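All remarks here apply to the structure that follows.
In the numbering used here, the protein residues as written are 73 to 508.
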């Protein structure tokens with residue numbers, strides 16, 4: 073159906089071999105147990121019964137992914153360095169024009185200074201093919217490359233005491249290569265300040281304020297959204313047994329131009345990892361997020377009538393039809409892992425996500441600087457994913473793993489098509505100098 077045309081200009085395996093040769097030629101891996109770098113080569117094959125994520129046009133697909141990853145984990149005195157760089161190359165059997173090369177990198181640094189100061193910085197870069205289900209419903213299989221960049225830092229005063237104050241700054245940028253989603257291209261800057269109370273060595277609370285400003289350079293309906301957040305968080309960590317993090321947020325959002333109504337609401341998240349004994353680990357995740365999507369249609373002329381000195385006259389005004397969707401996404405994730413033997417491990421997971429929105433349709437009259445709402449409704453849909461997996465560590469440096477999942481998505485009039493299907497994938501990896 074489609075000719076396979078690779079867009080790769082480099083091979084992850086070739087690069088990995090070069091890195092391996094450089095490292096071994098310097099004797100870095102020989103006799104140095106604390107060498108901070110590791111190198112992982114992997115090959116994965118997946119089969120999706122409904123790759124197009126559209127029950128009305130189901131097409132199966134087989135995808136082969138070759139990847140090489142370099143990881144860093146080094147502690148030097150009071151400083152910690154962590155990071156990874158992953159290069160991947162994907163080949164598609166039926167949709168050859170989707171062949172692509174991906175990059176995924178991240179880095180984190182932290183240091184303690186002058187006893188009471190803790191400074192950290194982080195950054196990440198990701199470039200990959202956008203998920204089919206996140207593309208426009210009018211062109212699900214478009215070759216749409218998603219590029220994301222993020223960087224930030226935090227400064228905390230009070231390290232090891234009962235109280236601490238922390239300030240943070242973050243900046244990120246999101247771009248899509250396909251024109252159908254360029255209205256979602258965004259630049260975001262956030263600042264935050266919070267007070268932390270350490271009730272004990274394992275329990276802490278924090279209260280803070282965050283301001284997030286997001287600019288949309290290609291969105292014709294609104295150019296900027298500003299979120300004001302008040303966060304109340306608690307973190308409970310019992311080493312080897314349980315980790316629990318809970319955050320509740322009160323959020324208010326305003327838009328530019330201001331003829332788009334703002335919104336207020338509650339959001340939050342909960343993440344819990346519980347290990348009752350060595351071989352079993354359970355995890356629970358819950359989140360509720362709010363967002364907004366605005367769609368603007370082409371302007372048209374509308375007539376209304378006025379009476380002046382007893383005379384009835386038609387007056388024409390330019391108007392734009394707008395759809396205001398205040399969205400809420402609620403997700404629940406359940407997972408379990410069993411270390412059956414020293415080499416075998418099994419996993420199981422289930423997630424359900426509810427998408428809902430309060431939709432208001434309105435006409436914005438440009439010349440008269442007024443608006444008129446003419447309809448509203450609440451819409452929504454559900455997404456379900458269930459999975460099981462099995463992994464086998466042949467050696468400390470060689471791993472095999474397979475995973476099977478069933479998924480389904482309900483339809484709504486916003487962004488989601490109805491679809492269901494199955495996916496099966498297997499991965500083989502080799503790691504030189506594992507860090508854990």
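Note that beta-carbon positions come from the ideal geometry of N, C-alpha and C, so glycine has one too. Source: prediction; values computed, not measured.
Rounded to the nearest angstrom, the Cβ distance from residue 169 to residue 135 is 13 Å, too far for a contact under 8 Å. Checking the DSSP bridge columns, you'll see residue 411 has no partner listed. With a cut-off of 8 Å on Cβ pairs, the region 222 to 242 is not in contact with the region 202 to 212, counting fewer than three such pairs.
One thing to note: residue 200 has its Cβ no nearer than 8 Å to the Cβ of residue 161.
Here the alpha carbons of residue 259 and residue 287 stand approximately 5 Å from one another. The Cβ-Cβ distance between residue 452 and residue 461 does not fall below 8 Å.
Per DSSP, reduced to three states, the secondary structure at residue 333 is coil, with no helix or strand assignment. Within the same chain, Cβ atoms closer than 7 Å to the Cβ of residue 249 are found at 216 and 217, the five residues on either side in sequence being excluded.
Between the alpha carbons of residue 320 and residue 467 lies a gap of roughly 43 Å. Excluding its 5 nearest sequence neighbours in each direction, residue 192 has C-beta neighbours in its own chain below 6 Å: 182 and 226, listed in chain order. Where residue 194 is concerned, the enclosing beta strand (DSSP E) starts and stops at 189 to 201. Using a Cβ distance threshold of 8 Å, residue 228 and residue 190 count as a contacting pair.
Here residue 168 carries a helix assignment [DSSP, helix/strand/coil].
In this chain, the beta strand (DSSP E) harbouring residue 137 covers 133 to 148.
By alpha-carbon distance to residue 125, the top candidate from 492, 255 and 266 is 492. Beta-carbon to beta-carbon, residue 505 and residue 114 are separated by about 15 Å, too far to satisfy the 8 Å threshold.
Residue pairing by DSSP places residue 303 opposite 280 and 321 in a beta bridge. A Cβ-Cβ contact shorter than 8 Å links residue 121 with residue 494. A direct Cα-to-Cα measurement between residue 263 and residue 280 gives close to 11 Å. Taken atom to atom, the span from the alpha-carbon of residue 476 to that of residue 275 is near 37 Å.
In the DSSP assignment, residue 109 falls within the unbroken beta strand (DSSP E) covering 109 to 120. Counting only residues of its own chain and dropping the five nearest sequence neighbours on each side, residue 252 has a CB closer than 8 Å to the CB of 207, 208, 210, 211, 214 and 216. Under the three-state reduction of DSSP output, residue 292 falls in the coil class, being neither helix nor strand. Going by DSSP, residue 261 is part of the beta strand (DSSP E) stretching over 258 to 270.
In the three-state reduction of the DSSP assignment, residue 250 falls in the coil class. By a beta-carbon distance limit of 8 Å, residue 354 contacts residue 346. Their separation comes to about 5 Å. CA-CA distance, residue 326 to residue 454, rounds to 28 Å. Nearest in C-alpha terms to residue 129, of all of 489, 501, 361 and 336, is 489. Counting along the chain, the unbroken beta strand (DSSP E) around residue 362 starts and ends at 352 to 368. Distance between residue 359 and residue 151, taken at the CA atoms: about 33 Å. Taking a 10 Å sphere around the C-beta of residue 266, we find 16 or more other C-beta atoms and assign the residue as buried. Minimum Cα-Cα distance from residue 197 among the listed residues 186, 268 and 219 corresponds to 219. Taking all protein chains in view, the Cβ of residue 272 is surrounded by fewer than 16 other Cβ atoms within 10 Å, so the residue is classified as exposed. By DSSP's assignment, residue 426 forms a beta bridge with 402 and 454.
Counting C-beta atoms within 10 angstroms of its own C-beta, residue 418 has fewer than 16 neighbours from the protein chains shown and is therefore classed as exposed.
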